[in-house]
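Positions in the sequence shown are counted from 1; adding 19 to them yields the numbering used here.
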Amino acid sequence: MDCLNITVNEKDSFIKEYTNHNAQILKFYAFDPNSSESYDQRMTSPNNGREQAVASAIRAYMSDVSLTEEQQENLNALADGAKVVIGGQQAGLFTGPLYTFHKILSIITKAKELSQTYDARVVPVFWIAGEDHDFEEVNHAYTMQQRTGTLKKVKYHTLTPPETTVSRYVPDREALHNALTQFFEALPETVYSKSLIEEIEHFIDSAETWVDLFKLIVQRCFGSHGILMIDAQCKALRQVEKPILKQLVQRHDEVDKAFRRTQQQVEKAGLTKMIHTHTNVHLFLHEEGQRQLLNYEAGNYKLSKSEKCYTQETLLTLVEQEPELFSNNVVTRPLMQEWLFNTVAFIGGPSEIKYWGELKEVLRLFDVEMPIVLPRMRMTYVSAQVKRLLDMYDLNVEDVISEGVEAARATFIRSHASDLVLQQIDNMLTQQHQFYDVLAQEMSDTEDNRNLLKKNHDIQTYQYEYLKTRYLNNIAKDNEVSMRHFKVLTHTLHPMGGLQERIWNPLQLLNENGIDMYASHTFPPLRYTFDQIVVQI
20 MDCLNITVNE
30 KDSFIKEYTN
40 HNAQILKFYA
50 FDPNSSESYD
60 QRMTSPNNGR
70 EQAVASAIRA
80 YMSDVSLTEE
90 QQENLNALAD
100 GAKVVIGGQQ
110 AGLFTGPLYT
120 FHKILSIITK
130 AKELSQTYDA
140 RVVPVFWIAG
150 EDHDFEEVNH
160 AYTMQQRTGT
170 LKKVKYHTLT
180 PPETTVSRYV
190 PDREALHNAL
200 TQFFEALPET
210 VYSKSLIEEI
220 EHFIDSAETW
230 VDLFKLIVQR
240 CFGSHGILMI
250 DAQCKALRQV
260 EKPILKQLVQ
270 RHDEVDKAFR
280 RTQQQVEKAG
290 LTKMIHTHTN
300 VHLFLHEEGQ
310 RQLLNYEAGN
320 YKLSKSEKCY
330 TQETLLTLVE
340 QEPELFSNNV
350 VTRPLMQEWL
360 FNTVAFIGGP
370 SEIKYWGELK
380 EVLRLFDVEM
390 PIVLPRMRMT
400 YVSAQVKRLL
410 DMYDLNVEDV
420 ISEGVEAARA
430 TFIRSHASDL
440 VLQQIDNMLT
450 QQHQFYDVLA
460 QEMSDTEDNR
470 NLLKKNHDIQ
480 TYQYEYLKTR
490 YLNNIAKDNE
500 VSMRHFKVLT
510 HTLHPMGGLQ
520 ERIWNPLQLL
530 NENGIDMYAS
540 HTFPPLRYTF
550 DQIVVQI
């Protein structure tokens, strides 16, 4: 495997401006992501004193996996006060889209670079967003069907989707096995397929919860890099969080006002706000088998899905006795993460980076400084077959990743069409419009004539346009192999009109390259970059 940095057309103007020192955007963040001084400040900032408790919680959470030597060393370093690079993601089916792996690689890469630069161990930490409950976002995966070159959606089917956090959800193992079978039915059998399927099946049978399956796959793929994992809903971690959970209950009004105030400033600066929530408490409570949002009304805390109400005193008692019943929303999750860890840099996707800018004042309320906020690295995989197709049709990989191949496909079809045929059809269309304009002046005396003429004109125009479309479609049919090539390029490099990493699932690549593809001794060394990375496999 080889890695190549390329520059693609950045469609998200916000991220482009953020990484190019736009002062109007950077004012909502604590640090410039490009400045070495930012890293100097974060590396020398005082620790919060919670590192040993956090390390103990992580050790408890990862006790069901065999830690690598690198992970053991990182856990010890964390307990001794090491800084971290952190990022997180929901636990998707078979880990979800590729960008989850790329976020992990970004965290590992940045932590390693900082360790070398400052001659001090910086620990990579992955925060599993297990407290989320939107199951529709994580219950499916896409695979590219070898036979047709099209994408197939594989879904975990259940008649009883979870109403609580995914951390608490015990999935139907048979349904997971069925989803795995469907996924691999679409793929070609390789020398790695049998062993890969057996390992994932073992993980399915070993995992108690939905998040456990995610953890086991990530551990297998990235454990050699020393990555540490923690579930946001981890019971041991909630014990550490009790002091700030109590403050969030007591100071909910301050938190909400700080958040709303910053959002107003964001909109005043001409930016689009990312967080949409009507609550004024920004905490969930697990009650009656459901994850329910709290809201403060008429002196009490009311649940979103029942009529049950709580006093502040009752909630504080619950925090003390059963903190695992509480979970954060999008406003308080970053605060909780930064309150726990001594973070140098947070790695996030485009949406995360945007909404972190709405939370600067919330963090300040608790004397928590926002870390350096960095975009995850973007990566696209190009196989030898895809490289041959790009060369065959003289296509630029940067353009295909950014814009797709529809323009190239149309150009190819046009190059095989008769210039005379197309010119004559265009001439007939032009004449039709001219005839209509002349007749419209002569037949405008009644509405019936006008309608009749317009209808006739539309029919004639449609027929000429249909003739042209059908003619070009027939050329496409006569070049079926080339059309299939363009389809493969589309679903590989620009699936569903976007980046490969947002659609493809890692199992697709592991089937071709083996489950050790991402191991420290296999995957090529990376340097953190804002550019797009092309991995040639």
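All C-beta atoms in this analysis are idealised placements derived from N, C-alpha and C, irrespective of residue type, glycine included.
Euclidean distance between Cα positions of residue i and residue j
i      : j      : result
Ser55  : Thr128 : 17 Å
Thr430 : Ile126 : 41 Å
Val419 : Leu512 : 7 Å
Phe562 : Gln165 : Within the shown structure, residues of the chain are numbered from 20 to 556, placing residue 562 beyond reach of any answer.
Lys473 : Tyr455 : 8 Å
Leu439 : Arg433 : 12 Å
Arg407 : Gln311 : 53 Å
Thr38  : Ser32  : 10 Å
Ser186 : Gln252 : 7 Å
Leu414 : Ala139 : 45 Å
Asp153 : Glu343 : 19 Å
Ser214 : Ala205 : 17 Å
Leu334 : Leu267 : 11 Å
Met163 : Pro116 : 13 Å
Pro369 : Thr330 : 38 Å
Lys46  : Glu499 : 54 Å
Ile249 : Glu332 : 30 Å
Ile216 : Ala403 : 24 Å
Leu112 : Glu182 : 17 Å
Gln340 : Arg257 : 11 Å
Buried or exposed (CB count within 10 angstroms, at least 16 for buried), residue i
i      : result
Pro65  : exposed
Tyr192 : The amino acid occupying residue 192 in the given sequence is Arg; Tyr does not appear at that position. With fewer than 16 Cβ atoms within 10 Å of its Cβ, Arg192 is classed as exposed.
Ala317 : exposed
Thr184 : buried
Asp272 : exposed
Gln91  : exposed
Pro207 : exposed
Met536 : buried
His301 : buried
Thr281 : buried
Lys35  : exposed
Glu260 : buried
Thr399 : buried
Residue j beta carbon less than 8 Å from that of residue i
i      : j      : result
Val401 : Ile25  : no
Trp229 : Pro190 : yes
Val103 : Thr362 : yes
Asp397 : Glu520 : A small correction: the amino acid at residue 397 is Arg; Asp does not occupy that position in the sequence shown. Against a cut-off of 8 Å, the Cβ pair of Glu520 and Arg397 comes out as a contact.
Glu377 : Met293 : yes
Ala110 : Ala74  : no
Leu124 : Leu545 : yes
Leu322 : Glu306 : yes
His510 : Thr169 : yes
Ala194 : Thr177 : yes
Tyr483 : Ile444 : yes
Thr296 : Val381 : no
Gln43  : Ala255 : no
Tyr80  : Arg395 : no
Phe385 : Asn348 : no
Ile366 : Leu247 : no
Gln309 : Lys324 : yes
Thr63  : Pro525 : no
Lys487 : Leu441 : yes
Ser212 : Asn530 : yes
Ala198 : Lys172 : no
Gly245 : Glu70  : no
Val387 : Ile372 : no
Leu264 : Val338 : yes
Asp21  : Gln555 : yes
Lys379 : Tyr48  : yes
Trp523 : Tyr58  : no
Leu313 : Thr298 : yes
Tyr4   : Glu132 : Any property of residue 4 remains undetermined from this structure, which presents the chain solely from 20 to 556.
Any chain C beta carbon closer than 8 Å to residue i
i      : result
Glu150 : Structure shown: chain C not included; a single protein chain is present.
Residue i Cβ short of 7 Å to the ligand SAM heavy atom set
i      : result
Glu377 : This structure simply doesn't include the ligand SAM, nor any ligand for that matter.
Would you call the region 135 to 150 in contact with the region 240 to 254, where contact means no fewer than 3 C-beta pairs closer than 8 Å? Inter-segment contact for the region 135 to 150 and the region 240 to 254 is present: three or more beta-carbon pairs are separated by less than 8 Å.
My parser needs the beta strand (DSSP E) runs of 3 or more residues fully inside the region 73 to 102; what are they? If we require 3 residues or more, the region 73 to 102 turns out to have no beta strand (DSSP E) run fully inside it.
Fully enclosed by the region 248 to 307, which alpha helix (DSSP H) runs are 4 residues long or longer? 254 to 269 and 271 to 287, all fully within the region 248 to 307.
For the region 219 to 228 against the region 536 to 544, are there 3 or more C-beta pairs whose distance is under 8 Å? No, they do not touch.
So, do the region 67 to 86 and the region 362 to 376 have three or more beta carbon pairs nearer to each other than 8 Å? No: the two stretches stay apart, fewer than three of their Cβ pairs being nearer than 8 Å.
Could I get the ranges of all uninterrupted alpha helix (DSSP H) runs contained in the region 176 to 257, with 4 residues as the minimum, in chain order? As far as the region 176 to 257 is concerned, its whole alpha helix (DSSP H) runs of at least 4 residues are 192 to 204, 212 to 225 and 229 to 241.
Where in the region 324 to 401 do unbroken runs of the beta strand (DSSP E), each at least 3 residues long, occur, reported from the N-terminal end onward? Scanning the region 324 to 401 for uninterrupted beta strand (DSSP E) segments of 3 residues or longer gives 345 to 347, 362 to 367, 391 to 394 and 397 to 401, listed from N- to C-terminal end.
List in chain order: all unbroken alpha helix (DSSP H) runs of 4+ residues lying wholly within the region 24 to 52. With a minimum length of 4 residues, the continuous alpha helix (DSSP H) runs that stay inside the region 24 to 52 are 32 to 37 and 42 to 45.
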